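Our numbering runs 17 ahead of the 1-based position in the sequence shown. Glycine included, C-beta positions come from ideal geometry on N, C-alpha and C. These numbers come from a predicted model, not from an experiment. Read through the structure below, which is laid out as structure tokens, and then see the notes.
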Amino acid sequence: MSKTSHSNTLTGWREWVTLPDLGVDWIKAKIDTGARTSSLHAFDVVEFDREGEEWVRFRVKPWQHSQEDAVVVETPVHDRREVRSSSGHTQTRLVVKLLIRLVDREVLAEVTLSNRDEMGFRMLIGREALRRGYIVDPARSFLGGRAPRETRRRNRGKDPLTS
Numbered sequence: 018m019s020k021t022s023h024s025n026t027l028t029g030w031r032e033w034v035t036l037p038d039l040g041v042d043w044i045k046a047k048i049d050t051g052a053r054t055s056s057l058h059a060f061d062v063v064e065f066d067r068e069g070e071e072w073v074r075f076r077v078k079p080w081q082h083s084q085e086d087a088v089v090v091e092t093p094v095h096d097r098r099e100v101r102s103s104s105g106h107t108q109t110r111l112v113v114k115l116l117i118r119l120v121d122r123e124v125l126a127e128v129t130l131s132n133r134d135e136m137g138f139r140m141l142i143g144r145e146a147l148r149r150g151y152i153v154d155p156a157r158s159f160l161g162g163r164a165p166r167e168t169r170r171r172n173r174g175k176d177p178l179t180s
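In structure tokens:
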């Protein structure tokens, strides 16, 4: 057994994560050991050239049923990948590198941009990010803590001011 240079941080099958470089404080993610690469719901995706390099501009909606707190992101394109969805369809997706804070640790991860509008989670955290020192407990959730109640209500499309 080889010695690793990182800790083994326990994570549940779903977690609230932060995308600090994007200004997204809370986004609910599914921890998916079946997916190699992480994936983020992105819309209004536009590719462009900046000083001879490929870049992409897109919007991120952190809340499942709301446009509230959507952010515009501009970042270099890291790669393009053929990705097979759970339904078996293959699609070419843009890959960007994003800093993800998961259970009080930060990892730089390759993340594909996709339309996850019909999915239960705005983000998937795949094996490549998890192999940087995470152990997944499939019987547990939110080991990194929960977003505040009003944030969770907003994520479910409910008014945070009503009971």
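**OP:** Give the range of the alpha helix (DSSP H) segment to which glutamate 7 is assigned.
**Re:** Only positions 18 to 180 of the chain appear in this structure, which leaves residue 7 out of reach.
Original post:
Is threonine 50 helix, strand or coil when you go by DSSP?
Top reply: coil
**OP:** Classify proline 37 as helix, strand or coil using the three-state DSSP reduction.
**Re:** helix
**OP:** Find out if the Cβ-Cβ distance for the pair leucine 116, leucine 125 is shorter than 7 Å.
**Re:** yes
Original post:
Under 7 Å between the Cβ atoms of isoleucine 48 and valine 34?
Top reply: Isoleucine 48 is not a Cβ neighbour of valine 34, given a cutoff of 7 Å.
Original post:
In the structure shown, what three-state DSSP assignment does arginine 171 receive?
Top reply: helix
Subject >> Pick from Gly105, Val88, Gly29 and Lys114 that is closest to aspartate 61, judged by C-alpha positions >> reply: Val88
**OP:** Select from Gln81, Lys114, Thr92 and Ser131 the residue whose C-alpha is nearest the C-alpha of glutamate 68.
**Re:** Thr92
Subject >> Separation of threonine 109 from glutamate 99, as counted between CA atoms >> reply: 4 Å
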